[in-house]
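Novice: Can you keep this structure in mind? I'll have questions shortly.
Numbering (our numbering), first residue to last: 0 to 264.
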């Protein structure tokens, strides 16, 4: 990720360019959400923030929250099945199919939930699956969307709703890079902003390279008494090719642009 918009900026000080960048126009995601969800106090303490940035963030918040709610529904369903197993109850055939489908969805091509094994082994495997089926903190998602799409200004976001710079590798799967962009690549495109956000959540929750983030997220959401969003952001290691610079950019976004205390769902 980050190749579409950011790679060309690295030569001139990527972090500085990002923080001062004010696009000439903004591609507003799902504009109908903006007026219905506008909160005048959301950006309290960020008076110097460009209005375009505020609208971009305000438009994405409800889309991310709705996508997170869908993941939470899956998580709650999975927890109920696990509770039934702990009680020694049999899993109905329909639930077995749902569980296998969920496992296939989130395991990134490596299904290993075998309901024929002993209960302890099944529950252990389902606990690992449970770490994948969880929300992505809205503030993290917003920071990445702003970085990857250049606040909605990138060609990939305006033409293909590609807010998270996810690459794909089949002809016709997305938007081809221009010849002057180093090392040809294809950025996955989407019909809508919602589809883009849903695929981003699935990417984070399923890809092998995001395992470190998922482990840190579990502690952040379910164990830490004083959860630290900056510590969580530093666990993102498998998303961008620019390494630690990317983590610094996310931290700067969280510091200067992304509002605090946004509900995750």
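Virtual Cβ for every residue (Gly too), placed ideally from N, Cα, C. Computed from a prediction, not measured in an experiment: that's the story for all the values here.
Hey, how far is the Cα of residue 165 from the Cα of residue 89?
Specialist: Working through the chain shown from its first residue, we reach residue 165 at position 166. Working through the chain shown from its first residue, we reach residue 89 at position 90. About 40 Å.
Novice: Pick out whichever of 112, 132 and 133 has its Cα sitting closest to the Cα of residue 123.
Specialist: As a working note, residue 123 is residue 124 in the chain shown. For the residues 112, 132 and 133, the minimum Cα distance to residue 123 belongs to 112.
Novice: Would you kindly work out how many angstroms separate the C-alpha atoms of residue 219 and residue 228, rounded to a whole number?
Specialist: Position 220 of the chain shown holds residue 219. Position 229 of the chain shown holds residue 228. One C-alpha to the other measures close to 8 Å.
Novice: For the beta strand (DSSP E) containing residue 186, list its first residue and its last residue.
Specialist: For the purposes of this step, residue 186 is taken as residue 187 along the chain shown, with counting starting at 1. Run containing residue 186: 185 to 187, per the beta strand (DSSP E) assignment.
Novice: Count the other CB atoms, across all protein chains shown, that sit within 10 Å of the CB of residue 221; report buried if there are 16 or more and exposed otherwise.
Specialist: The residue you call residue 221 lines up with position 222 of the chain shown. By the 10 Å Cβ count, residue 221 comes out exposed.
Novice: Need the endpoints of the beta strand (DSSP E) that residue 149 sits in, please.
Specialist: On the chain shown, position 150 is the one that residue 149 refers to. From DSSP, residue 149 is part of no beta strand (DSSP E); its letter is neither H nor E.
Novice: Have a look at residue 249 and residue 139 and give me their C-alpha separation to the nearest angstrom.
Specialist: Here residue 249 refers to the residue found at position 250 of the chain shown. Here residue 139 refers to the residue found at position 140 of the chain shown. The straight-line gap from Cα to Cα measures roughly 8 Å.
Novice: Would you mind stating whether residue 106 and residue 205 have Cβ atoms separated by less than 8 Å?
Specialist: Here residue 106 corresponds to residue number 107 of the chain shown, with the count starting at 1. Here residue 205 corresponds to residue number 206 of the chain shown, with the count starting at 1. Contact: yes.
Novice: Would you report the Cα separation of residue 27 and residue 79, rounded to the nearest angstrom?
Specialist: Along the chain shown, read from residue 1 onward, the residue named residue 27 stands at position 28. Along the chain shown, read from residue 1 onward, the residue named residue 79 stands at position 80. Confidence in residue 27 is poor, its pLDDT being 46 and thus under 50, which makes the residue's placement too unreliable to answer from.
Novice: Report yes if the CB atom of residue 258 is closer than 8 Å to the CB atom of residue 41, and no otherwise.
Specialist: On the chain shown, residue 258 is found 259 positions in, with the first residue counted as 1. On the chain shown, residue 41 is found 42 positions in, with the first residue counted as 1. Yes; because the gap between Cβ atoms is below 8 Å, this pair is in contact.
Novice: Can you list, in chain order, the residues of its chain whose CB lies under 6 Å from that of residue 20, leaving out five sequence neighbours each side?
Specialist: Working through the chain shown from its first residue, we reach residue 20 at position 21. In this prediction, residue 20 has a pLDDT of 42, which is less than 50 and means its spatial position is unreliable; nothing more can be read from the coordinates.
Novice: Return the Cβ separation of residue 237 and residue 209 in integer angstroms, given the expectation that the two are a contact with Cβ distance under 8 Å.
Specialist: Numbered from 1 along the chain shown, position 238 holds the residue referred to as residue 237. Numbered from 1 along the chain shown, position 210 holds the residue referred to as residue 209. Contact holds; Cβ gap of about 5 Å.
Novice: Using the beta-carbon count (16 or more within 10 Å), is residue 134 buried or exposed?
Specialist: Here residue 134 is taken as the residue at index 135 of the chain shown, counted from 1. Residue 134 is buried by the Cβ-count criterion.
Novice: Determine whether the beta carbon atoms of residue 253 and residue 239 lie at a separation below 8 Å.
Specialist: Along the chain shown, one-based indexing puts residue 253 at 254. Along the chain shown, one-based indexing puts residue 239 at 240. No, Cβ-Cβ distance for residue 253 and residue 239 is not below 8 Å.
Novice: Can you check which of these residues, 91, 199, 85 and 94, is closest to residue 144 by C-alpha distance?
Specialist: As a first step, residue 144 must be located in the chain shown, where it is residue number 145. Considering only alpha carbons, the answer is 199.
Novice: CB residue 189 to CB residue 159, shorter than 8 Å?
Specialist: As a position in the chain shown, residue 189 is number 190, starting the count at 1. As a position in the chain shown, residue 159 is number 160, starting the count at 1. Cβ distance < 8 Å, so residue 189 and residue 159 count as in contact.
Novice: Please state whether the Cβ-Cβ distance between residue 167 and residue 185 is less than 8 Å.
Specialist: Start at 1 with the first residue of the chain shown, and residue 167 comes out as number 168. Start at 1 with the first residue of the chain shown, and residue 185 comes out as number 186. Yes.
Novice: Around the Cβ of residue 156, are there at least 16 other Cβ atoms within 10 angstroms (buried) or fewer (exposed)?
Specialist: As a position in the chain shown, residue 156 is number 157, starting the count at 1. Classification of residue 156: buried, given that the 10 Å Cβ count is 16 or more.
Novice: Can you give me the C-alpha to C-alpha distance between residue 76 and residue 83, rounded to a whole angstrom?
Specialist: By 1-based counting over the chain shown, the position of residue 76 is 77. By 1-based counting over the chain shown, the position of residue 83 is 84. If I take the Cα positions, the gap works out to 11 Å.
Novice: Spatial neighbours of residue 47 within its chain, please: CB distance less than 6 Å, with the 5 preceding and 5 following residues excluded, ordered by chain position.
Specialist: As a position in the chain shown, residue 47 is number 48, starting the count at 1. None.
Novice: Can you tell me whether DSSP reads residue 129 as helix, strand or coil?
Specialist: Translated into the one-based positions of the chain shown, residue 129 becomes position 130. Three-state result, residue 129: helix.
Novice: In the structure shown, what three-state DSSP assignment does residue 92 receive?
Specialist: Working through the chain shown from its first residue, we reach residue 92 at position 93. DSSP places residue 92 in helix when its eight states are reduced to three.
Novice: Quick check on the DSSP output: the beta strand (DSSP E) that includes residue 175 runs from which residue to which?
Specialist: Counting from one through the chain shown, the residue named residue 175 turns up at place 176. Run containing residue 175: 173 to 175, per the beta strand (DSSP E) assignment.
Novice: Per DSSP, what kind of secondary structure is residue 86 in: helix, strand or coil?
Specialist: Sequence index remark: in the chain shown, residue 86 carries index 87 (1-based). Coil at residue 86, not helix or strand.
Novice: In the DSSP assignment, what residue or residues form a beta bridge with residue 231?
Specialist: In the chain shown, residue 231 corresponds to position 232, counting from 1. DSSP output for residue 231 lists no bridge partner at all.
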